[in-house]
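Asker: In our numbering, the protein residues as written are 5 to 185. C-beta: ideal position from N, C-alpha, C; glycine also. One structure coming up, written as structure tokens, with questions to follow.
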């Protein structure tokens, strides 16, 4: 970080910033996020390289997430989820992972929520454009905190992404063109 700061003061050349030997997925993500976030928030850096002792696909994903959370580049929806509690009656982690994987194929600036219970989920995730929650064999889909559909738990994922498609049709301004990404 110090080296980049010193170089940026003395040069107008574009800077490719990255952290070398950051470590495995979790510690490496933390180190990359702190260092690169610090630099980009100070206007230092033009291109990014995330290095992890992990699958290179994870490096790209972490880089996109850093840029998204800095407000610099959005390529696909943000997916949030609750940390789970005693009210969670659905395999939330598996459902979350499926939503994340499917969301990576959507080119839209959306916030999607995956919540563990139908009681608090919609309210806690009311700032999300769309969300899902489930329990006792039933799933709900909510839009901006209001329940819009109730389905069988096994149909939840498919029904949710149908609603995502509908939302994008209603809000074409949220689509991301190749030129903007």
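Apart from the five residues on each side of it in sequence, which residues of its chain come closer than 8 Å, Cβ to Cβ, to residue 183?
Answerer: Since pLDDT at residue 183 reaches only 45, below the 50 mark, its modelled position is unreliable, and the value read off the structure follows with that caveat. Here the set comprises nothing.
Asker: Tell me where the alpha helix (DSSP H) around residue 43 begins and ends.
Answerer: 29-45
Asker: Give the straight-line distance between the Cα atoms of residue 97 and residue 91, rounded to the nearest whole angstrom.
Answerer: 14 Å
Asker: For residue 119 and residue 135, which I take to be in contact (beta-carbon distance under 8 Å), what is that distance rounded to the nearest angstrom?
Answerer: Right, the Cβ-Cβ distance comes to about 6 Å (below 8 Å), so this counts as a contact.
Asker: Give the DSSP-derived three-state secondary structure of residue 145 in the structure shown.
Answerer: If DSSP states are grouped into helix, strand and coil, residue 145 belongs with the strands.
Asker: Counting beta carbon pairs with one atom in the stretch 121-129 and one in the stretch 55-64, are three or more of them shorter than 8 Å?
Answerer: no
Asker: Could you tell me the boundaries of the alpha helix (DSSP H) in which residue 158 lies?
Answerer: Per DSSP, residue 158 belongs to no alpha helix (DSSP H) and is neither H nor E.
Asker: Just the Cα atoms here: how many angstroms apart are residue 185 and residue 79?
Answerer: For residue 185, the predicted model reports a pLDDT of 48, less than 50, meaning its position is unreliable and no value from the coordinates is stated.
Asker: Starting from the C-beta of residue 16, find all residues in its chain whose C-beta is less than 7 Å away, skip the five residues before and the five after it, and write them out in chain order.
Answerer: none
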